[in-house]
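**Student:** Respectively, the protein sequence lines represent chains A and B. First residue of the first sequence? That's 1 in our numbering, and the numbers climb one at a time after it. First residue of the second sequence? That's 1001 in our numbering, and the numbers climb one at a time after it. Backbone N, C-alpha and C fix where the C-beta goes; we use that ideal spot for every residue, glycine too. Mind looking over this structure? Questions follow.
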Amino acid sequence: MKKSFNFILMLVFVLAACSLEKRDIKYGTEVCQFCKMIIVDNQYASEIITTKGKVHVYDAIECMLNFASDIDSKSIALYYVSDYSSPGKLIDATQSYYIQSENLPSPMGDNLTAFEEEGLVVKSQSEKGGVIYNWMELREKYKVNK
Amino acid sequence: MKKYILFLFYIGSTNALMSEEIIVCKTCDIASIKHAVKTAQSGDTITVKEGIYNETEIVIDKPLTVMGQNVIIDAGFNGGIFEIIADSVSISGFTLNNTGMSYTKDIAAVYCYRINNFKFENLIINKSQFAILVHKSKNGIIRKNTIVGNAETEAGGGNGIHLWHSNNIEIADNTITGMRDGIYFEFVDNSVILNNRSAENLRYGLHFMFSNYNTYQNNSFENNGAGVAVMFSKFITMENNLFKHNWGTAAYGLLLKEIYDGEISGNQFIQNTTGINVEGSTRINYHNNTFDNNGWGVKIAGGCYDNNFTLNDFINNSFDVSYYGGMNNNTFYQNYWSEYAGYDLNYDGFGDITYRPVKLFSYVVGKTPEAIILMRSLFVDIINFSEKVTPVFTPDQIQDDTPVIDIINKSELND
């Protein structure tokens, strides 16, 4: 009994070690994997986690998408973007809402901004203008294959 | 003739009549700058007398000259200070403090939008989100300002002098410290940046994005996250600047990415992790630059075509040049290399045998950065030497056929 308990405990630890988790971005020191710029803006920073657990960080959503379109996207397990309305918070990119607006300039010039809540993206569209995208539309736009 | 003189006199006198001086002081009838702007006519001068004024969002909507005499404007972290939406405005002589921060709005000590012909001079700006923010404006001068930021609140902070969609701006003799980027250009053309000092900024001393036909000269960039980043831009001239002490894994003196037709001359790169990092850059002339005591002098990654390095000094760098990718018509010609060990037996000033600046070990480090720990070991010396004798891995075309024996740009070293 005890042995099997130990085994299960071990299994739990091993599985926990394998789980893919987002990690915090070190602002001001880490460099965007795509454009080589130092990441400072916590309203736009993005992150990819590969199926092998490697974490790539980007200074803008467009950099993440451009990077993803250059590689086999099957190797990417998770996508995270920053929630514009709560700076520093990384949210699941596939469940987020996006706006592309000239009046919300992003670090790499494509002017993409992500929101966690649909209400806020609609609100910022009415204030700033622009086009709203969901994740699938954005994938298509940047030719990230699936 | 007489009529003509009379006419001139007439014009002169009306001008004198038209432009009045409005005095603002604590005990005057007009005790706030906002009030003064309201009462002023186009073309007037507002002189603000000594004191501390607590004002925010002073909107200047007509051509005015606003001068401070020992004046501090404290926004008390409640918002921006000057907002200029009219042509021909000049602001000088103020200390602007504490604008506060916002995540949803860009707050600036001096903000202007869609204006022509402006001058911001002799301002001291402390603890602002953005210090000077210029949107869609042209023909401006930003001169002799001192901008001090508070880089600890790194992510929220803005840039010192931030230009967006602007044209024909002169930025001269400013000192910028502790901001995100010291000077930031996005979609800015035909502008010059002269004699500025940009130091201890969180990200870049100077940053170009999508900006063409600009020149920066005689500036110094010290201790920034990275010195200068020039990205996605064409026809940038970079002359006689100092790039010093930009240390860190991601730190460069100068970062070039996707740029075309640039001119890089007379600059000094001293004690940076990487002097210049080049990626995807074409038709750039590097001449008369000094690379002194850097980790890497020049790091060239893929996609670089037709770049020429002539008359540069490479002095005591751990790696003078590291190179990835094909030759692509990049040339090295008549540079000084402190590691050159050849002789000049015919005394013509040039070494008698070719110098190959790329070391094998730089390839190893490129593939496995951790290998840097072996630096300066006997093993590394041996592989570098054997590679030098019979190049196998390093592209043997990267060579300087006429390495210069003496340091070329001496006068600049003595600065």
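Report the neighbours of Tyr1103 of chain B on chain A: residues whose CB is nearer than 7 Å to its CB, in chain order.
**Tutor:** Chain A residues near Tyr1103 of chain B: Gln43 and Pro87.
**Student:** For a contact defined as C-beta to C-beta under 9 Å, what are the partners of Val40 of chain A on chain B?
**Tutor:** Within chain B, the residues near Val40 of chain A are Glu1154, Ala1155, Gly1157, Arg1180, Asp1181, Leu1202, Arg1203 and Gly1225.
**Student:** What does Met136 of chain A pair with, by DSSP beta-bridge criteria?
**Tutor:** The partner list for Met136 of chain A (beta bridge, DSSP) is empty, contrary to what the question assumes.
**Student:** Counting only beta-carbon separations shorter than 8 Å, does Lys128 of chain A have a partner in chain B?
**Tutor:** No, Lys128 of chain A does not count as interfacial toward chain B.
**Student:** Let's test the definition: count the other Cβ atoms within 10 Å of the Cβ of Ala1016 of chain B and tell me whether it reaches 16, buried, or not, exposed.
**Tutor:** Reliability fails at Ala1016 of chain B, whose pLDDT of 48 lies under 50, so the model's placement of it is uncertain and no value is given.
**Student:** Under the DSSP definition of a beta bridge, which residues are partnered with Cys32 of chain A?
**Tutor:** According to DSSP, which records beta bridges pairwise, Cys32 of chain A is partnered with nothing at all.
**Student:** Per DSSP, Asp1074 of chain B forms a beta bridge with which residues?
**Tutor:** Answer is B:Asn1097, bridged to Asp1074 of chain B.
**Student:** In chain order, what residues of the stretch 46-59 of chain A put their CB closer than 9 Å to some CB of chain B?
**Tutor:** Listed by position, the residues of the stretch 46-59 of chain A near chain B (Cβ gap below 9 Å) amount to none.
**Student:** Between the stretch 1022-1029 of chain B and the stretch 89-99 of chain A, do at least 3 Cβ pairs fall closer than 8 Å?
**Tutor:** Short answer: they don't touch.
**Student:** Measuring straight from C-alpha to C-alpha, what distance separates Tyr1216 of chain B and Leu1194 of chain B?
**Tutor:** Taking the straight line from one Cα to the other gives about 6 Å.
**Student:** Can you list the residues of chain A that Ala1199 of chain B reaches, using a CB-CB cut of under 9 Å?
**Tutor:** Going along chain A, no residue has its Cβ under 9 Å from Ala1199 of chain B, so there is no contact; the nearest lies around 16 Å.
**Student:** Starting from the C-beta of Asp1173 of chain B, find all residues in its chain whose C-beta is less than 6 Å away, skip the five residues before and the five after it, and write them out in chain order.
**Tutor:** Once the five neighbours on either side are set aside, the close Cβ partners of Asp1173 of chain B are Arg1143, Lys1144 and Asn1195.
**Student:** I'd like to know whether the C-beta of Lys36 of chain A is nearer than 8 Å to at least one C-beta of chain C.
**Tutor:** Absent from the structure is chain C; the protein chains it does hold are A and B.
**Student:** Pop quiz: Gly1158 of chain B and Gln1129 of chain B are said to be a contact at Cβ under 8 Å. What is the actual Cβ separation, rounded to whole angstroms?
**Tutor:** Indeed, because the Cβ distance is near 4 Å, the residues count as touching under 8 Å.
**Student:** CB-CB under 6 Å to Phe1332 of chain B, same chain, minus the five flanking residues each way: which ones, in chain order?
**Tutor:** Phe1309 and Asp1400.
**Student:** What are the residues of the stretch 1267-1288 of chain B that lie near chain A, defined by any Cβ-Cβ distance shorter than 8 Å?
**Tutor:** From the stretch 1267-1288 of chain B, only Asn1277 and Glu1279 have a Cβ closer than 8 Å to chain A.
**Student:** Measure the beta-carbon distance from Thr1099 of chain B to Ile1081 of chain B and round it to whole angstroms, keeping in mind my assumption that it falls under 8 Å.
**Tutor:** Confirmed, about 6 Å.
**Student:** Using the Cβ count rule (16 or more neighbours within 10 Å means buried), how would you classify Ala1341 of chain B?
**Tutor:** Flag for Ala1341 of chain B reads exposed.
**Student:** Please tell me whether Gln125 of chain A and Ser82 of chain A are closer than 8 Å, where the distance is taken between their beta carbons.
**Tutor:** Taking 8 Å as the Cβ cut-off, Gln125 of chain A and Ser82 of chain A do not qualify as a contacting pair.
**Student:** Would Phe1208 of chain B and Phe1187 of chain B qualify as a contact pair, given that the criterion is a beta-carbon distance under 8 Å?
**Tutor:** No.
**Student:** Using the rule of at least 16 other Cβ atoms within 10 Å of the residue's Cβ for burial, across every protein chain shown, is Glu127 of chain A buried or exposed?
**Tutor:** Answer is exposed; the Cβ neighbour count stays below 16.
**Student:** Phe1210 of chain B touches chain A at which residues, Cβ-Cβ below 8 Å?
**Tutor:** By Cβ distance, chain A contributes Gly109.
**Student:** In this structure, what does DSSP give as the bridge partners for Gln1334 of chain B?
**Tutor:** None; Gln1334 of chain B has no bridge partner.
**Student:** Nearest chain B C-beta to Val31 of chain A closer than 8 Å, yes or no?
**Tutor:** Chain B contact via Cβ: present.
**Student:** Hey, how far is the Cα of Gly129 of chain A from the Cα of Asn103 of chain A?
**Tutor:** So the alpha carbons of these two residues sit roughly 7 Å apart.
**Student:** Identify every run of the beta strand (DSSP E) within the stretch 1251-1305 of chain B, keeping only runs that are complete inside it and at least 3 residues long; order them along the chain.
**Tutor:** Qualifying beta strand (DSSP E) stretches, in chain order: 1252-1260, 1263-1265, 1268-1270, 1274-1279, 1285-1287, 1290-1292 and 1296-1300.
**Student:** Apply the 10 Å Cβ neighbour rule to Glu62 of chain A and answer buried if 16 or more other Cβ atoms are within range, or exposed otherwise.
**Tutor:** Glu62 of chain A comes out buried.
**Student:** Comparing the C-beta of Lys1359 of chain B with each C-beta of chain A, is any distance below 8 Å?
**Tutor:** No - not a single Cβ of chain A is within 8 Å of the one on Lys1359 of chain B.
**Student:** Determine the DSSP secondary structure at Asn1167 of chain B, reduced to helix, strand or coil.
**Tutor:** DSSP places Asn1167 of chain B in strand when its eight states are reduced to three.
**Student:** Mind pulling the beta strand (DSSP E) runs of 3 or more residues that sit fully within the stretch 1222-1247 of chain B?
**Tutor:** Runs of the beta strand (DSSP E) inside the stretch 1222-1247 of chain B: 1226-1234, 1236-1239 and 1242-1244.
**Student:** Kindly list the residues whose CB is nearer than 6 Å to the CB of Ser1092 of chain B, restricted to its own chain and excluding five residues on each side of it in sequence; keep chain order.
**Tutor:** So the list reads Met1067, Glu1121 and Asn1122, once near-sequence residues are dropped.
**Student:** Using a Cβ-Cβ cut-off of 8 Å, state whether Lys1127 of chain B counts as contacting chain A.
**Tutor:** Not an interface residue.
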